[in-house]
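All the letters of the sequence shown, read from the start, carry residue numbers 54 to 220 under my numbering.
Built from N, CA and C at the ideal position, the CB exists for glycine as well.
Just so we're clear, the structure is a prediction, and the values are computed from it rather than from any experiment.
Reviewing the structure listed below.
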Amino acid sequence: MDKVKVIKDQLVIHCMHESRTDEFGEIRREISRTYQLPPDVDTKTLKSNLTARGHLEMSTIPVSHNWVGELWDWPLQSADGVVKVTNTTEKFEVGLDVQYFTPNEIEVKVSGQELLINCRHEVRADAFGTVAREVHRAYKLPADVDVATLKSHLSSRGVLTITANKR
């Protein structure tokens, strides 16, 4: 019975931690939390996702993708992080190489007039030690961008493309 909802400008989370029955009756542990949302959050596009580790992730622009399998985790290369920005009279587009991240490790959101992209790996251990990756990018959106049309897509080659129409 986990619920995540927005009431006015607040995020309300209610989760069932444990529910079991013993010889005396039912035992139930629940948690409820309320968070004040920043004033620039568009609550109509707010999305939530529960990770396999039980972490609740919130984002406002979903990352669409057509991935079918696991991505091989290659070491960082010198061309990592290449960015392409297109700003025409019809559209605004950002292309970013994020091939070392899976869709659930990528967050795209808007804060004011900035497009924010956050990518993060949990620390992973291998035969040689541990690996952790984190990328934070911020782009100032042109004044004529229609923020309501922002969409992001992650290709199977690891290119994150974020597009928006102009007004």
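> Among Pro-92, Tyr-192 and Gln-89, which has the Cα closest to the Cα of Ile-215?
Replying inline: That would be Tyr-192, whose Cα lies nearest to the Cα of Ile-215.
>> Along the chain, where does the beta strand (DSSP E) containing Gln-89 start, and where does it finish?
In response: Per DSSP, Gln-89 belongs to the beta strand (DSSP E) from 78 to 89.
>> If contacts are defined as beta-carbon pairs under 8 Å, then Lys-219 and Phe-145 qualify, I think. What distance do you get, rounded to the angstrom?
In response: At roughly 7 Å, the Cβ-Cβ gap stays under 8 Å, so Lys-219 and Phe-145 are in contact.
> Mapping DSSP to helix, strand and coil, what is Ala-191?
Replying inline: Secondary structure of Ala-191 (DSSP, three-state): strand.
>> To the nearest angstrom, how far is the alpha carbon of His-206 from that of Glu-76?
In response: Each residue's alpha carbon lies about 52 Å from the other.
> Can you name the start and end residues of the beta strand (DSSP E) that Phe-154 belongs to?
Replying inline: Unbroken run through Phe-154: none, as it is neither H nor E.
> What's the C-alpha gap between Val-57 and Ser-208?
Replying inline: Whole-angstrom Cα-Cα distance: 29 Å.
> Quick one: what's Val-59 bridged to in DSSP?
Replying inline: Here Val-59 is bridged, per DSSP, to Leu-64.
>> Considering only their Cβ atoms, is the gap separating Val-147 from Leu-168 smaller than 8 Å?
In response: Yes.
> In chain order, what residues of the same chain have a beta carbon less than 7 Å from the beta carbon of Val-198, not counting five sequence neighbours either side?
Replying inline: In its chain, beyond the 5 residues on either side, Phe-145, Ala-217 and Lys-219 have a beta carbon closer than 7 Å to the beta carbon of Val-198.
> For Glu-83, is the classification buried or exposed, using 16 other Cβ atoms within 10 angstroms of its Cβ as the cut-off for buried?
Replying inline: Exposed, because fewer than 16 other Cβ atoms sit within 10 Å of the Cβ of Glu-83.
> In terms of residue numbering, what span does the beta strand (DSSP E) encompassing Ala-178 cover?
Replying inline: That run of the beta strand (DSSP E) goes 177 to 179.
> Arg-73 and Ile-66: beta carbons closer than 8 Å?
Replying inline: With a cutoff of 8 Å on beta-carbon distance, Arg-73 and Ile-66 are scored as not near each other.
> Under a three-way DSSP split, which group does Thr-142 fall into?
Replying inline: Correct three-state label for Thr-142: coil.
> Nearest-angstrom Cα distance between Val-200 and Pro-91?
Replying inline: About 17 Å.
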